[in-house]
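Student:
Numbering (this note's numbering), first residue to last: 44 to 419.
1) Just to check, is the beta-carbon of residue 320 closer than 7 Å to a non-hydrogen atom of the ligand ZN?
2) Say whether the region 279–295 touches the region 238–245, bearing in mind that this needs 3 or more beta-carbon pairs closer than 8 Å, one atom from each stretch.
3) If contacts are defined as beta-carbon pairs under 8 Å, then residue 183 and residue 197 qualify, I think. What distance do you get, rounded to the angstrom?
4) To which residues does DSSP link residue 187 through a beta bridge?
5) Is the number of C-beta pairs between the region 147–161 and the region 80–96 that are closer than 8 Å three or more?
6) Indicate the three-state DSSP secondary structure (helix, strand or coil) for residue 170 in the structure shown.
7) In angstroms with no decimal places, state the Cα-to-Cα distance between residue 195 and residue 227.
8) With a cut-off of 8 Å on the beta carbons, I'd call residue 166 and residue 79 a contact; round off their distance for me.
9) Tell me the residue span of the beta strand (DSSP E) that contains residue 214.
10) Indicate the three-state DSSP secondary structure (helix, strand or coil) for residue 283 in the structure shown.
11) Drop a sphere of 10 angstroms on the beta-carbon of residue 201, count the other beta-carbons inside from all chains shown, and report buried for 16 or more, exposed for fewer.
12) Over what stretch of residues does the beta strand (DSSP E) that includes residue 223 continue unbroken?
13) With 16 as the cutoff for other CB atoms within 10 Å, does residue 132 come out buried or exposed?
14) Going by beta carbon distance, what residues of the same chain come within less than 7 Å of residue 63, once the five residues before and after it are set aside?
15) Measuring straight from C-alpha to C-alpha, what distance separates residue 267 and residue 275?
16) With a CB to CB cut of under 8 Å and the five nearest residues on each side skipped, what residues in its chain are close to residue 68?
17) Under 8 Å between the Cβ atoms of residue 161 and residue 84?
18) Helix, strand or coil for residue 73? Go by DSSP, reduced to three states.
19) From this set, 206, 185, 93, which residue's C-alpha is nearest residue 150's C-alpha?
20) Going straight from the alpha carbon of residue 246 to that of residue 322, what length do you get?
21) Suppose you measure from the CA of residue 223 to the CA of residue 312; what does that come to, to the nearest Å?
22) Tell me whether residue 78 sits in a helix, a strand or coil according to DSSP, three-state version.
23) To which residues of the same chain is residue 187 closer than 7 Å at the C-beta, ignoring the five residues directly before and after it?
24) Leaving out five residues on either side along the sequence, give the residues of the same chain with a beta carbon under 8 Å from the beta carbon of residue 204.
25) Exposed or buried, which one is residue 106 when buried takes at least 16 other CB atoms within 10 Å?
26) Counting C-beta neighbours from all protein chains within 10 Å, is the total for residue 98 16 or more, i.e. buried, or is it exposed?
27) Going by CA-CA distance only, name the one from 55, 181, 253, 206 that's closest to residue 218.
28) Which residues does DSSP list as the beta-bridge partners of residue 234?
29) Once the 5 residues before and after residue 193 are set aside, which same chain residues still bring their CB inside 7 Å of it?
30) So, is residue 225 buried or exposed, given that buried needs 16 or more other C-beta atoms within 10 angstroms?
31) Do residue 185 and residue 66 have their C-beta atoms closer together than 8 Å?
32) What residue range does the alpha helix (DSSP H) around residue 317 cover?
33) State the start and end residues of the unbroken alpha helix (DSSP H) segment that holds residue 91.
34) Assign residue 127 to buried or exposed, taking buried as 16 or more other Cβ atoms, counted over all protein chains shown, within 10 Å of its Cβ.
35) To the nearest whole angstrom, what separates the beta carbons of residue 53 and residue 100, a pair I think is in contact under 8 Å?
36) Have a look at residue 294 and residue 170 and give me their C-alpha separation to the nearest angstrom.
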């Protein structure tokens, strides 16, 4: 078959081959002809019907043109009858129709570009569209990350907004999880809404093997965003690190800080290990230590000692009576308040315990002296 008999290039192929449109995928006509894929676009694009016909290379309908031509011919006959002998000639219907179509053509072309971009945003999130973009990504068609510590990771075109006219297309790096302006100015005229905000994350969820970072043999995108080893530039002056509090110090360094081991994010496992370590304490405090902080465990231990000492005094000396080993001249000073008696009996109980361990039965004579604070 000769080259002269080949079919002409379609509008979609011509659009994607323009300079600055290298990021676009060729949307299949079957996808465009499905009305479900075009839901809601008619209200966003002016001259929607004409733009859609231009994208699909459909010839405009001739019926309306014939009606307009007949109306224009009738107007011309009336004008000729009225003007009669005037010395100028008005343009005929064919000329006026040509001028009107030429003025509308530029509007239709801009509407067709916007309509194709919005359809492209939906197409690249479908199975055939994302597969086509994956082939471009593997070939490095979109370029590489300009950040030095990313090691030339491949980037992906994304948009920062789904609304046309707000942001131009950006390049997303899966290594540092940041976006950058394209290196060439010819891409600055491409609307970011033609790629959308969904495509970047959905792409690496669909193809996790294309993510450059691996932790313990696991794709980090399957676990949580931002995992993986990452190098962070550290400014130094004569070998000394610049403080973060300095005016020229590093800012927002925490945004790139990531754990080296994914196990550090296993909060459930870390909590279980802490509980198990707490249960290794002595039996009398181990059960309470599993659920209480250190300060509350200390308060519970003191309260337990005070309660045991008070019980001993109540059994040994009766209710509310002063201990028998208190000196006679200090009985009048015996506290009547229950709280003060509790504190004093607790101290006496601990002193008796220390006194009982003295050798050769020497504690009977020294117990009284200890209980009154050294008297005798």
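Even for Gly, the Cβ is constructed at its ideal location relative to N, Cα and C.
Bear in mind that the values here come from a model prediction, so they are computed numbers and not experimental data.
Tutor: Per the coordinate set shown:
1) The ligand ZN is not part of the structure shown, which contains no ligands of any sort.
2) no
3) In the chain shown, residue 183 corresponds to position 140, counting from 1. In the chain shown, residue 197 corresponds to position 154, counting from 1. Contact holds; Cβ gap of about 6 Å.
4) The residue given as residue 187 occupies position 144 in the chain shown. Answer by DSSP bridge pairing, in chain order: 197.
5) yes
6) The residue labelled residue 170 in the question sits at position 127 within the chain shown. Residue 170 falls in the helix class under three-state DSSP.
7) In the chain shown, counting from the first residue as 1, residue 195 sits at position 152. In the chain shown, counting from the first residue as 1, residue 227 sits at position 184. Near 17 Å, if we compare the C-alpha coordinates of residue 227 and residue 195.
8) Counting from 1 along the chain shown, the entry for residue 166 is found at position 123. Counting from 1 along the chain shown, the entry for residue 79 is found at position 36. Going by Cβ atoms, the distance from residue 166 to residue 79 rounds to 13 Å, so no, they are not a contact pair.
9) As a first step, residue 214 is located in the chain shown; it is residue number 171 there, counting from the start. Segment 213–216, the beta strand (DSSP E) holding residue 214.
10) Stepping through the chain shown from its first residue, residue 283 is reached at position 240. Reduced to three states, the DSSP call for residue 283 is strand.
11) Indexing the chain shown from 1 puts residue 201 at position 158. Label assigned to residue 201: buried.
12) The residue you call residue 223 lines up with position 180 of the chain shown. Where residue 223 is concerned, the enclosing beta strand (DSSP E) stretches over 221–223.
13) Here residue 132 corresponds to residue number 89 of the chain shown, with the count starting at 1. In this predicted model, residue 132 has a pLDDT of only 49, less than 50, meaning its place in the structure is not dependable enough to derive any value.
14) On the chain shown, residue 63 is found 20 positions in, with the first residue counted as 1. Closer than 7 Å at the Cβ level, and outside the excluded window around residue 63, lie 229, 230, 232, 233.
15) Numbered from 1 along the chain shown, position 224 holds the residue referred to as residue 267. Numbered from 1 along the chain shown, position 232 holds the residue referred to as residue 275. Interpretation of residue 267 is limited by its pLDDT of 46, a score under 50 that renders its predicted location unreliable; the figure taken from the coordinates is listed afterwards. If I take the Cα positions, the gap works out to 20 Å.
16) Residue 68 sits at position 25 when you count from the first residue of the chain shown. Cβ within range, chain order: 59, 163, 166, 167, 172, 175, 176, 179.
17) Within the chain shown, residue 161 is the residue found at index 118, counting from 1. Within the chain shown, residue 84 is the residue found at index 41, counting from 1. Going by C-beta atoms, residue 161 is nearer than 8 Å to residue 84.
18) Numbered from 1 along the chain shown, position 30 holds the residue referred to as residue 73. If DSSP states are grouped into helix, strand and coil, residue 73 belongs with the helices.
19) Working through the chain shown from its first residue, we reach residue 150 at position 107. Out of 206, 185, 93, 93 has the C-alpha closest to the C-alpha of residue 150.
20) Your numbering for residue 246 matches position 203 in the chain shown. Your numbering for residue 322 matches position 279 in the chain shown. Computed Cα separation, rounded: 46 Å.
21) Residue numbering aside, residue 223 sits at position 180 when the chain shown is read from its first letter. Residue numbering aside, residue 312 sits at position 269 when the chain shown is read from its first letter. Straight-line Cα distance between these residues: approximately 37 Å.
22) Walking along the chain shown from the start, residue 78 turns up at place 35. Correct three-state label for residue 78: helix.
23) As a working note, residue 187 is residue 144 in the chain shown. Taken in chain order, the residues that qualify are 195, 196, 197, 198.
24) On the chain shown, position 161 is the one that residue 204 refers to. If we look at residue 204 and ignore the five residues flanking it on each side, its Cβ neighbours are 210, 235, 236, 240.
25) The count along the chain shown starts at 1 and reaches residue 106 at position 63. Its pLDDT being 40, under 50, residue 106 is placed unreliably by the model, and nothing is read from it.
26) Stepping through the chain shown from its first residue, residue 98 is reached at position 55. Label assigned to residue 98: buried.
27) Here residue 218 refers to the residue found at position 175 when the chain shown is read from its first residue. Minimum Cα distance to residue 218 is reached at 253.
28) Numbered from its first residue, the chain shown carries residue 234 at position 191. Bridge partners of residue 234: 211.
29) Mapped onto the chain shown, residue 193 falls at position 150. Excluding residues within five positions, the ones whose Cβ falls inside 7 Å are 216, 218, 219.
30) Position 182 of the chain shown, counted from the first residue, corresponds to residue 225. Label assigned to residue 225: buried.
31) Within the chain shown, residue 185 is the residue found at index 142, counting from 1. Within the chain shown, residue 66 is the residue found at index 23, counting from 1. Their beta carbons are under 8 Å apart, which means residue 185 touches residue 66 by this criterion.
32) Numbered from 1 along the chain shown, position 274 holds the residue referred to as residue 317. Residue 317 -> alpha helix (DSSP H) spans 310–321.
33) Taking the chain shown and counting its residues from 1, one reaches residue 91 at position 48. Taken as a continuous stretch (DSSP letters only), the alpha helix (DSSP H) holding residue 91 covers 91–98.
34) For this step, residue 127 is matched to residue 84 along the chain shown. Low confidence applies here, because residue 127 scores a pLDDT of 48, under 50, leaving its location unreliable and the question unanswered by this model.
35) Working through the chain shown from its first residue, we reach residue 53 at position 10. Working through the chain shown from its first residue, we reach residue 100 at position 57. Rounded, the Cβ-Cβ distance is 6 Å, consistent with contact.
36) Within the chain shown, numbered from 1, the residue matching residue 294 stands at position 251. Within the chain shown, numbered from 1, the residue matching residue 170 stands at position 127. About 40 Å.
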